[in-house]
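Colleague: Residue numbers (my numbering): 522 to 748. Here it is, the structure in full.
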């Protein structure tokens, strides 16, 4: 039997929500799970989320995409000048999850983030493409083929339902990044946004892109099965 392809939206350190979704989805070796990025920052348990994703890769085909928050962290690891920007955009929450506290011992950033987590983040993709769908963290330039997409579009573009255009390939694009404060998926037909704002009181969403089945969990781990 062919496996499922399931996309998961922005997690932002909400490990209880991710635990609940993984339990509900119960992915197996034939399934592909595409995580759309923004695993870290803002929420309280970024380190646990990365542990969960590393473990998930051992039970299914995991395709982790790079979000803008992971990009900020990787930039901060390479350039101390980028550290302040990351900290102001949620990075301080991630460092607290690793044991950092204001006024505590001064250590290099690389010493706070375990090597296994750094390796996972470095290995994240910019996008994932199938015969029917395209997956990115944030967006795309409609007229460009996916290998030509700039990182700014893939990781930072905001979805505007009033101005969004289909990708020239005709494939359905699945994104996160732009929080849907209603907690509901934005479905434009050619574009689906599944960042349903878990970290701010909404839901973490998983979507089977072939069948349209949806699972959601809030940051406490409470599930609602949308069918």
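All C-beta atoms, glycine included, are put in the ideal place defined by N, C-alpha and C.
Taking residue 612 as the reference, which of 650, 568 and 643 has the closest Cα?
Modeller: Within the chain shown, numbered from 1, the residue matching residue 612 stands at position 91. Residue 612 has its Cα closest to that of 568, out of 650, 568 and 643.
Colleague: Do you know whose CA, among 645, 589 and 632, lies nearest residue 616's CA?
Modeller: Numbered from 1 along the chain shown, position 95 holds the residue referred to as residue 616. Looking at the Cα atoms, 632 is the closest of the given residues.
Colleague: If you drop the 5 nearest sequence neighbours on each side, which residues of the same chain put their C-beta closer than 8 Å to that of residue 700?
Modeller: What you label residue 700 is simply residue 179 of the chain shown in a count that begins at 1. Answer for residue 700: 531, 716, 717, 718, 721 and 723, listed in chain order.
Colleague: Hey, quick one: how far does the beta strand (DSSP E) through residue 546 stretch, first residue to last?
Modeller: In the chain shown, counting from the first residue as 1, residue 546 sits at position 25. No beta strand (DSSP E) holds residue 546; the alpha helix (DSSP H) holding it covers 536-546.
Colleague: In this structure, how does DSSP classify residue 658 when only helix, strand and coil are distinguished?
Modeller: Working through the chain shown from its first residue, we reach residue 658 at position 137. Of the three classes helix, strand and coil, the one that applies to residue 658 here is coil, per DSSP.
Colleague: Answer with buried or exposed for residue 668, where buried requires no fewer than 16 other C-beta atoms within 10 angstroms of its C-beta.
Modeller: As a first step, residue 668 must be located in the chain shown, where it is residue number 147. The residue is exposed, with fewer than 16 neighbouring Cβ atoms inside 10 Å.
Colleague: Taking 8 Å as the threshold, find out whether the stretch 568-584 comes into contact with the stretch 539-548 through three or more Cβ pairs.
Modeller: The stretch 568-584 is in contact with the stretch 539-548.
Colleague: When you compare only the Cα positions, how much space is there between residue 524 and residue 641?
Modeller: The residue given as residue 524 occupies position 3 in the chain shown. The residue given as residue 641 occupies position 120 in the chain shown. So the two alpha carbons sit approximately 24 Å from each other.
Colleague: In terms of alpha-carbon separation, which member of 683, 602 and 560 lies closest to residue 591?
Modeller: Within the chain shown, numbered from 1, the residue matching residue 591 stands at position 70. Looking at the Cα atoms, 560 is the closest of the given residues.
Colleague: Give the DSSP-derived three-state secondary structure of residue 668 in the structure shown.
Modeller: The residue labelled residue 668 in the question sits at position 147 within the chain shown. Helix.
Colleague: What do you get for residue 558, buried or exposed, if any count of 16 or more other CB atoms within 10 angstroms of its CB means buried?
Modeller: As a working mapping, residue 558 is identified with position 37 in the chain shown. By the 10 Å Cβ count, residue 558 comes out buried.
Colleague: Looking at residue 586: is its Cβ nearer than 8 Å to the Cβ of residue 649?
Modeller: Here residue 586 corresponds to residue number 65 of the chain shown, with the count starting at 1. Here residue 649 corresponds to residue number 128 of the chain shown, with the count starting at 1. Cβ distance < 8 Å, so residue 586 and residue 649 count as in contact.
Colleague: Is the beta carbon of residue 727 less than 8 Å from the beta carbon of residue 529?
Modeller: Start at 1 with the first residue of the chain shown, and residue 727 comes out as number 206. Start at 1 with the first residue of the chain shown, and residue 529 comes out as number 8. In contact: residue 727 and residue 529 (Cβ atoms closer than 8 Å).
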